[in-house]
Amino acid sequence: EAAVTQSPRSKVAVTGGKVTLSCHQTNNHDYMYWYRQDTGHGLRLIHYSYVADSTEKGDIPDGYKASRPSQENFSLILELASLSQTAVYFCASKWGGGQNTLYFGAGTRLSVL
Amino acid sequence: AQSVTQPDARVTVSEGASLQLRCKYSSSGTPYLFWYVQYPRQGLQLLLKYYSGDPVVQGVNGFEAEFSKSNSSFHLRKASVHWSDSAVYFCVLSAPTGGNNKLTFGQGTVLSVIP
């Protein structure tokens, strides 16, 4: 079974502060993704990566940076956190760019005050 | 452009009753469709997927879904629900976009199963 681990599981941040969310996967998947979930909405893609040391913008990249230092690790960085970035963030991974199954982490609940 | 609509934000059913969760999609290309489930405080997990062939696909835990090209729908069904099926269900569309496969998530349907 694929394992995707996110840390922290929850975080409270102050407006204007820097936040780093981490994701680690142990199944040697090449693709990794960061999604944002807002109450009553589906998931929206922030950034993704298909190879180490390279990241791509998703549908809502503004205010976020991503880093893929290795195949296993993918971070999401909020340089200047804002109230509007309060949400649940999910990391996911899968093998290949086709229709293979996405494996999700348990999510990080971020509250920006 | 592609889109997914789940018209029912919340569904409540009694344990043992049958279930249908609705999903409508719009896609200019060949649609690949998925249902994912999110249990409380967990990440999303795949229930089932449709690529081609038999329009009725079977998933885990007794779930099935039926693809209809004419109706642009991919409804999820279960003959008899259990309290443990209470969760949020997402319909997801995948279609090729610019060399990659773009996933579009529906808004989710919150299912509550009451004793």
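Which chain is which? The protein sequence lines are F and L, in order.
Numbering of the first sequence is given in the numbering used here, commencing with residue 1 and proceeding in unit increments.
Numbering of the second sequence is given in the numbering used here, commencing with residue 1001 and proceeding in unit increments.
Just so it is clear, CB atoms sit at the ideal spot from N, CA and C, and this is done for glycine as well.
This structure is a prediction, so every number in the text was calculated from the model and none was measured.
Please report the distance separating the alpha-carbon of residue i from that of residue j.
i: residue 1012 of chain L; j: residue 69 of chain F; result: 45 Å
i: residue 1025 of chain L; j: residue 45 of chain F; result: 18 Å
i: residue 56 of chain F; j: residue 11 of chain F; result: 25 Å
i: residue 1044 of chain L; j: residue 16 of chain F; result: 30 Å
i: residue 8 of chain F; j: residue 108 of chain F; result: 6 Å
i: residue 103 of chain F; j: residue 1091 of chain L; result: 15 Å
i: residue 66 of chain F; j: residue 58 of chain F; result: 11 Å
i: residue 50 of chain F; j: residue 1054 of chain L; result: 32 Å
i: residue 26 of chain F; j: residue 113 of chain F; result: 33 Å
i: residue 1110 of chain L; j: residue 88 of chain F; result: 16 Å
i: residue 1071 of chain L; j: residue 1059 of chain L; result: 21 Å
i: residue 1020 of chain L; j: residue 1052 of chain L; result: 21 Å
i: residue 95 of chain F; j: residue 1112 of chain L; result: 33 Å
i: residue 1023 of chain L; j: residue 81 of chain F; result: 34 Å
i: residue 1031 of chain L; j: residue 79 of chain F; result: 37 Å
Compute the distance between the beta-carbons of residue i and residue j, then report whether it is under 9 Å.
i: residue 1081 of chain L; j: residue 1016 of chain L; result: yes
i: residue 75 of chain F; j: residue 5 of chain F; result: no
i: residue 106 of chain F; j: residue 32 of chain F; result: no
i: residue 1050 of chain L; j: residue 1063 of chain L; result: no
i: residue 1065 of chain L; j: residue 1077 of chain L; result: yes
i: residue 18 of chain F; j: residue 77 of chain F; result: yes
i: residue 1087 of chain L; j: residue 1037 of chain L; result: yes
i: residue 110 of chain F; j: residue 13 of chain F; result: yes
i: residue 1042 of chain L; j: residue 40 of chain F; result: no
i: residue 1102 of chain L; j: residue 1002 of chain L; result: yes
i: residue 71 of chain F; j: residue 30 of chain F; result: yes
i: residue 1114 of chain L; j: residue 1018 of chain L; result: no
i: residue 1074 of chain L; j: residue 1047 of chain L; result: no
Based on the DSSP output, what are the partners of residue i in its beta bridges?
i: residue 46 of chain F; result: Answer is none; residue 46 of chain F lacks a bridge partner.
i: residue 1065 of chain L; result: L:1057 and L:1076
i: residue 77 of chain F; result: F:20 and F:65
i: residue 1104 of chain L; result: L:1093
i: residue 1038 of chain L; result: L:1044 and L:1088
Is DSSP giving residue i helix, strand or coil here?
i: residue 1060 of chain L; result: helix
i: residue 114 of chain F; result: This structure does not reach residue 114 of chain F, given that chain F is present from 1 up to 113, and the question cannot be answered.
i: residue 1083 of chain L; result: helix
i: residue 35 of chain F; result: strand
i: residue 1023 of chain L; result: coil
i: residue 14 of chain F; result: coil
i: residue 92 of chain F; result: strand
i: residue 102 of chain F; result: coil
Within the continuous beta strand (DSSP E) that includes residue i, where are the two ends?
i: residue 1047 of chain L; result: 1044 to 1050
i: residue 24 of chain F; result: 19 to 25
i: residue 109 of chain F; result: 108 to 112
i: residue 1010 of chain L; result: 1010 to 1014
i: residue 56 of chain F; result: 54 to 57
i: residue 6 of chain F; result: 4 to 7
i: residue 1112 of chain L; result: 1109 to 1114
i: residue 1005 of chain L; result: 1003 to 1005
Given that residue i touches chain C, what residues does it touch there, using C-beta distances under 7 Å?
i: residue 43 of chain F; result: Absent from the structure is chain C; the protein chains it does hold are F and L.
Quick one: does the C-beta of residue i sit closer than 8 Å to a heavy atom of the ligand ATP?
i: residue 55 of chain F; result: In the structure on display, the ligand ATP does not appear, and there are no ligands present to speak of.
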